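Residue numbers (my numbering), protein chains in the order written: chain A, 349 to 696; chain B, 349 to 696; chain C, 349 to 696; chain D, 349 to 696.
Heads up, the thing below is written out as structure tokens.
See the structure below:
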């Protein structure tokens, strides 16, 4: 913390601020410039910068950022790689997770899973508990949906990720899924984050719709500080004044996060745009900007999906996108694996 | 829903859109203008407007707002008044709730409660479970804190409001508090809202930091649709690009909500500004703009508060503010009651 | 400027940063904390903080705010009062400026001016050059409009404020108006600001729709540094994600600006809300929060106005608003004068 | 325009709204649904939707978007291609414009121009009139700077683009530059746009920092409606709450604009991020998302640049970026030409 005194602050005011900080257990270093005095404040005490700002003679308090520790590159310089079976997240390969918004029927889940596998996805995504903003909408199939998803993933040799919305769901989801997903609305549900910190399964933490990157990393810290080191981040759009897209997908968060943190960084272009005809462009942009992975909604029959159909890709669109991504990835020294079946000529 | 076709949409495209909507159970009314065709779509079916927007020949889909029903003035024209003992929320009197951010010690709770009572507050506010964005901060006293708060409220003949963060806390809070408070971060915690809809105690629902007014009313709908008709709304600041204040308190939400909804509307100028020297101005603005009530952080010794001290008022500041509000309220036909003890000359 | 080094920055990195800053003409004070080194940087040289941030070993650079000088309370502690005839802006009286969006006809200007005068306004507002976002809309009457406005102001003993959009209009507007108004879109038109700094007529500078308060004060600095000390600020709404109102009127900017600067602070609730049924609530809020004045659109027949009719008040609405404001102003030690004719019983 | 009546609107209210619209010269089509009446409104008259919204019984007015005409794909389906010498903007090739923020000295301009030419840029960018937010900063070299830029462009066989800030500068810039650039702050300087509409030289129109895409296209309409059909758009970052980057570069604007308009779409990753270590990632993202071109700040010695050094790339960084872009472009069927000299092995 750095305390900047007003240009005309009196000696008494400066002394009072210093004494107050020392009383709170801090060390204070004083720099006297030509026009004003600046105090460097360090120490193990806890001080609310806003309280210092209210003291007489204080111009402003500059906070040194990075209240998160475990999530930062300062703490851990090398990239975190999360391994689940033969899937390595955060390594050279860009990992694509894909599948329907929600599990609806066995046929729908199975055929969607087969489609994303053929195109090269490594992880099946799909929801069983749906947090909908209207109380009058489809709310998901619950455990039955989880069973369908697990069975489809097994049949296709895919890993499974699904959303957990409440601590009461952790146990049942843990039985079926390989990765937990925390949705944007729960990014600051600290009760949930703390519990997930006690599990030993990887967690994908989506960015809240109006969360700063710093707040997001602090939420990751909740999980990490519980002992679960396997956290992935996922950008999915922030709220801005622009209404042409549902949200504004913050592609620049990719290089920013990769610099600040060692955690793998995903992008969700489906929620980030809200319309399937914009998903491809944003998925390509994410990979070009250095994302470690994508999570994309793909549905075998999106026009009849019970939720999020408008942002779900047709299997054919997804195939083409994967082919485009395979051209882009090498530009930044990455790859996107082609599955054997696809290599036999399916994708194009 | 209104579907606007492109200027050069073909007859086939128009017919296809109509057929598709009819298949989904909708009635379609067609208006042919000079340059384009507009389709009015009504009916009991459920259609995702974004899916229609993706059909060939469609220029855009205009959504008729107000997916919420029970929260709207269309459903209930007269103001909802919530009664708890002799406190009437949403009537002629502007109700002020005040107290410390968190319960810390008996002395602190008692003396803060006495101070806000003397100045004219009707409800004590205070937290026992604290959702902090850093995992390394003070997390509240739990049930012990609730006991302190209840006992102080009883001693001062005040009602009590406290925050519930998770469904597991509903039962214990129900034992002590008169009103539940749902924080901004939980505005879209639908699991929690649904459970609160099953209780019969009034709920204050704070606006999420980046929630639109429409989303906020839809969250209120979750509680109302469970059968709990006693919902109050509370504006507490939205996230904008401006960094001089922690958030931007959206005072214009007051007249907007009062027009769209019958629910009582509160404002929290403490979280809305983050600094006690700005709280008074915003509290006055809120009452002048027509708020039904205020919820304000007041602490007997804010410089030593364990949380949010910088935005907590000193008792003397709060006294002066209440005196100012008593001048303003009549401008819009409201009042703010003076307590007997204050009437005997304490307030100034 | 304060340079915060990384926790693991090497001595060489620290030395390199210091040497670089010294070369640029700065003085550097070094504070070595337990975990990191912080450098206080002062001096007359010019350094782009972003360049320092790119140096090896630098964690972040904290900028000490307030690059503006003449606009700050540090430079001038007492409030600036602008005097024009018997109108004193920035004193005890809250000054209300009102009138139509644009001059359309003599009758319209005259009857609008008479209406605002009767209700207690001191300054007539009205536009002759209209910056419209569509090239196909009404663009104003030009000098003929200025003549109408001046003549109506004279007839009612009102001062006149009108918008200047381009340096080519300064001369003609100077002939007719008492105050220049710079619109939100021109807040960073530095060519225009510089020229207005050379005039000796008061200038009202509106806040840009996405300008921070700091940028706004820096724009005021352009005018002040040219030698024109008579600058008023005017908040008129910022762009946010909320779409229920055209913009979000930032009422909290009032206490913030009053603390940072000595310049008079106005609020425009007409552009700030975009709808006349919200103007009253926001005008009351602005006065309650401490604004020095208001600028409000009032039209004798708003439903037939050529521009901005929806946000223009009817004369009767404006009368009622002025009566409400007269109740509120004393709460913060201000007044709003009643005109003789109004005192004779017109206003209510 | 579509007028949605309240559910309980009376027949009188409906009739009054219709009569009012007819009086204003509009045709009205009435659709009576089960719960409410919707009016389709078309015609050549001009109606402010907000005025209709204030009429009794009206629930809301839905505006059909696209007040711009000439800029829309409806008006012109095929992509606009702008040709200047052998540079074709908007065709298969992605065009890169690069150079220093401002012209400072002959050596600096010449060596920067040579560097960007070698790497494959087709157009030199550079400023002579600098709009700086502080009145105390470097303001550019004026015509002398234009001469330097022209001479360097000629020597390297590059086209030249430079910013015009005021109508008084059009004539002199027209003498030296091949393209006009309108900066973000002037996006709604309608006086300037109108004048540029009268020239016959291509104009690059940057998006305002808080402009919606619709407003931006409407500003393009100002230029187009003057008869100048050669307009390029350029996204350069919008203002959001995120402070880790100077602005948030809205990559999703690329697919949105390409769908709505036929005009070429550029991206400026330098202003969009504000830091050179983020420029590469965002440039790659822009090309991957389908941008027609990039405009990038490159300086021969960025650490000593008089303006924007922190966001200017070193020549070597720019070379690497161009090589990466050449890998990405084919993924979307585009190319980025390699200059003869580069082909001889310089770039890597």
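Ideal placement from N, C-alpha and C gives every residue a C-beta, glycine not left out.
Fair warning: this is a prediction, and the values are worked out from it, not measured in the lab.
Taking 8 Å as the limit between beta carbons, can you name the residues of its chain near residue 621/B, skipping five residues before and five after? 585, 593, 594, 595, 597, 627, 630, 659
Return no unless some Cβ of chain B is closer than 8 Å to the Cβ of residue 604/C. yes
Among 545/B, 434/B, 610/B, 619/B, the one whose alpha carbon lies nearest that of residue 557/B: It is 619/B.
Answer with yes or no whether the minimum CB distance from residue 589/B to chain C is below 8 Å. yes
Under 7 Å Cβ-Cβ, which residues of chain D neighbour residue 539/C? For residue 539/C, the chain D residues whose Cβ falls inside 7 Å of its Cβ are 513, 514, in order along the chain.
Hey, residue 443/D and residue 471/D: beta-carbon distance below 8 Å or not? yes
Interface residues of the stretch 552-577 of chain A facing chain C [CB-CB below 7 Å]: none
Along the stretch 631-643 of chain D, what residues have a CB closer than 8 Å to any CB found in chain A? When CB distances to chain A are screened at a threshold of 8 Å, the residues of the stretch 631-643 of chain D falling below it are 632, 633, 634, 635, 636, 637, 638, in chain order.
Cross-strand partners of residue 432/B (DSSP beta bridge): 435/B
How about residue 619/A: is its C-beta nearer than 8 Å to some C-beta of chain C? no
Using only the alpha-carbon positions, how far apart do residue 588/D and residue 511/C sit? Taking the straight line from one Cα to the other gives about 29 Å.
Which value, in whole angstroms, describes the spacing of the CA atoms of residue 384/C and residue 374/C? 21 Å
When we look at the beta-carbon of residue 674/D and count the other beta-carbons within 10 Å, is it buried (16 or more) or exposed? buried
Under 9 Å (Cβ pairs) to chain A, residues found in the stretch 644-668 of chain B: 650, 651, 653, 655, 656, 657, 658, 659
What does the alpha-carbon distance come out to for the pair residue 516/C and residue 551/C? 16 Å
Leaving out five residues on either side along the sequence, give the residues of the same chain with a beta carbon under 8 Å from the beta carbon of residue 692/C. Because the pLDDT at residue 692/C is just 41, under 50, the model does not fix this residue reliably, and the value given afterwards should be weighed accordingly. Nothing meets the Cβ criterion.
Between the Cα of residue 600/B and the Cα atoms of 685/B, 635/B, 578/B, 574/B, which residue gives the shortest distance? 635/B
Does chain D have any CB closer than 8 Å to the CB of residue 625/C? Yes - at least one Cβ of chain D is within 8 Å of the one on residue 625/C.
In three-state terms, what does DSSP make of residue 529/C? If DSSP states are grouped into helix, strand and coil, residue 529/C belongs with the strands.
Where do the ends of the alpha helix (DSSP H) carrying residue 477/B lie? Where residue 477/B is concerned, there is no enclosing alpha helix (DSSP H), given that its DSSP letter is neither H nor E.
Which class does residue 408/A belong to by DSSP, given the choice of helix, strand or coil? Reduced to three states, the DSSP call for residue 408/A is strand.
Taking C-alpha atoms, which residue in 399/A, 405/A, 669/A lies nearest to residue 355/A? 405/A
Give me the subset of the stretch 382-398 of chain D whose CB atoms are less than 7 Å from a CB atom of chain C, sorted by chain position. 396, 398
Could you tell me whether the stretch 641-655 of chain A touches the stretch 439-454 of chain A, where touching means 3 or more Cβ pairs closer than 8 Å? yes
Is it right to say residue 681/D is buried, meaning 16 or more other beta carbons lie within 10 angstroms of its own, or is it exposed? A residue is called buried once 16 or more other Cβ atoms fall within 10 Å of its Cβ, and residue 681/D, having fewer, is exposed.
In its own chain, which residues sit with a C-beta less than 6 Å from the C-beta of residue 432/C, not counting the 5 before and 5 after it? 507, 526
Can you tell which of 637/C, 633/C, 638/C has the C-alpha that lies nearest to the C-alpha of residue 638/B? 633/C
Tell me which residues share the same chain as residue 426/B and place their Cβ nearer than 8 Å to its Cβ, disregarding the 5 neighbours each side in the sequence. 610
Roughly how many angstroms lie between the CA atoms of residue 475/D and residue 458/C, to the nearest whole one? Residue 475/D and residue 458/C have their C-alpha atoms some 48 Å from each other.
Listed from N- to C-terminal order along the chain, which residues in the stretch 351-362 of chain C have their beta-carbon within a distance smaller than 9 Å of any beta-carbon of chain A? 352, 354, 355, 356
Name the residue from 439/C, 505/C, 490/C, 499/C whose alpha carbon lies nearest to the alpha carbon of residue 469/C. 505/C
Where does residue 496/D sit, in a helix, a strand or coil, going by DSSP? helix
Along the chain, where does the beta strand (DSSP E) containing residue 510/B start, and where does it finish? 507-511
Supposed contact pair residue 370/A and residue 403/A - C-beta distance, whole angstroms, cut 8 Å: About 13 Å; that fails the 8 Å criterion.
Run through chain G and tell me which residues come within less than 7 Å of residue 410/D, C-beta to C-beta. Here chain G cannot be found, since the structure's protein chains are A, B, C and D.
Starting from residue 585/D, find everything on chain C with Cβ-Cβ shorter than 7 Å and list it in chain order. By Cβ distance, chain C contributes nothing, its closest Cβ being about 11 Å from residue 585/D, past 7 Å.
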